[in-house]
Amino acid sequence: MVTEKLLKEKLMKLKENNYILTEEENAYDLAIEMLKNIGSVDPVLRDDLIYSILSKWMINDVFTTEQLQHLLFICIDENHLHYKLGEINTDSIFTRSFSILITAVILYKENETSFLTSKDIENVKEKIFQYAIQENDIRGYDEEKGWAHSIAHLADCLDELAKNHQLNQTDLQMMLEIICTRIMESKNVFTCEEDERMVTAVCAIIERNLLSEEDIKNWIVRFKDYKKTDDYNKNYNIKINSKHFLRSLYFRLKPVEKEKYSMILKALDELNTY
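All residue numbers for the sequence shown refer to our numbering, where the first residue is 89 and numbers rise by one.
This is the structure in structure tokens:
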């Protein structure tokens with residue numbers, strides 16, 4: 089197994105060479121090594137090199153569809169997306185958070201070329217939903233170790249998943265449930281634009297036109313109910329996160345949608361206590 093130091097040196101040279109491999113090197117083999125180190129606490133290796141190189145190669149069709157499929161299955165396995173799922177404030181978050189981000193890139197390619205079977209999509213969807221519900225570490229940026237950003241990365245993945253035409257009305261409703269739960273976070277107030285990233289996913293869901301206007305309206309009004317605990321500070325966090333999200337959503341909607349979902353403004357009025 090290649091050490092982190094050797095891998096970092098190799099990837100830095102690769103980046104300097106405009107991401108072009110030598111004849112002796114194999115992109116897929118190197119991708120496997122990168123995924124083994126996707127949870128590195130070195131932000132340069134994890135984010136600037138591994139994520140940047142993998143995403144660039146995936147988007148530029150460096151891998152075959154069979155290789156992409158295999159890389160996807162690695163990303164969502166127990167050693168990546170579900171690695172120590174449930175832990176809080178440990179380094180395992182970097183493995184999970186960057187695995188979901190790479191998963192989003194592969195789903196982007198799937199939406200372009202449809203190389204996955206319906207069984208594959210069902211499996212991926214279930215793994216993502218399970219992760220979305222059970223992730224407890226919601227840190228944004230760590231001064232020493234860089235981005236964790238689990239909720240934002242999840243949002244990016246939900247955005248791509250929502251665009252996949254194998255997902256049905258029930259799936260999209262489940263995604264809205266997940267988004268509502270994740271946004272109405274009581275532990276702390278999001279400060280790293282998690283609300284904006286989640287709004288992108290919501291817009292993708294709305295644009296599928298599978299959910300009724302009534303479905304969306306009923307979902308929006310749920311954000312008014314922020315008194316979910318007996319703890320004032322936790323309820324306050326829920327309220328602030330809900331307000332930030334609804335504001336972001338309103339300004340991202342198209343003019344005709346603003347008219348349809350004007351109850352967002354009413355919900356915001358009810359959330360304002362001053």
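Positions of the beta carbon are idealized from the N, C-alpha and C atoms, including for glycine.
Nonlocal neighbours in the same chain, by C-beta distance under 7 Å from SER336, ignoring five residues either side: ASP283, GLU284, VAL287
Residue burial classification, PHE339 (beta-carbon count within 10 angstroms, cutoff 16): exposed
Own chain residues within Cβ distance below 7 Å of ILE181, not counting five before or after: ASP225, ARG227, ALA236, SER238
Cβ pair SER128, GLU92 closer than 7 Å: Yes; because the gap between Cβ atoms is below 7 Å, this pair is in contact.
Buried versus exposed call for LYS215 [16 or more other C-beta atoms within 10 Å across all chains shown]: buried
Nearest to LEU246 (by Cα), restricted to the options GLU113, TYR196, LYS346: TYR196
Residue(s) in a DSSP beta bridge with TRP235: The beta-bridge partner set that DSSP reports for TRP235 consists of TYR229.
Span of the alpha helix (DSSP H) around ASP165: Run containing ASP165: none; DSSP gives neither H nor E here.
Residue environment, ASN325, which counts as buried when at least 16 other CB atoms sit within 10 Å: buried
Segment limits, alpha helix (DSSP H) that includes MET272: Unbroken run through MET272: none, as it is neither H nor E.
6 Å Cβ shell around HIS241 - same chain, five flanking residues per side excluded: SER185, ILE188, LEU189
Backbone CA spacing between THR152 and GLU281 [nearest angstrom]: Cα to Cα, the separation comes out at about 34 Å.
Residue closest to PHE161, alpha-carbon to alpha-carbon, out of VAL150, PRO131, THR205: Considering only alpha carbons, the answer is THR205.
VAL417 to LEU169 span [Cα, whole Å]: Coverage of the chain is limited to positions 89 through 362, which leaves residue 417 absent and any answer about it impossible.
Rounded distance between the beta-carbons of ASP117 and GLN157, thought under 8 Å: Contact flag wrong, Cβ pair sits at about 16 Å.
Residue interval of the alpha helix (DSSP H) (run including ASP318): No alpha helix (DSSP H) holds ASP318; DSSP gives it neither H nor E.
Enclosing alpha helix (DSSP H) for GLU301 [first to last residue]: 301-309
Option in GLN222, THR258, ASP313, MET100 with minimal Cα separation from ILE176: GLN222
Cβ pair ILE308, ILE266 closer than 7 Å: Contact: no.
Close beta carbons around ILE328, own chain, < 6 Å, minus the five adjacent residues each side: The residues are VAL277.
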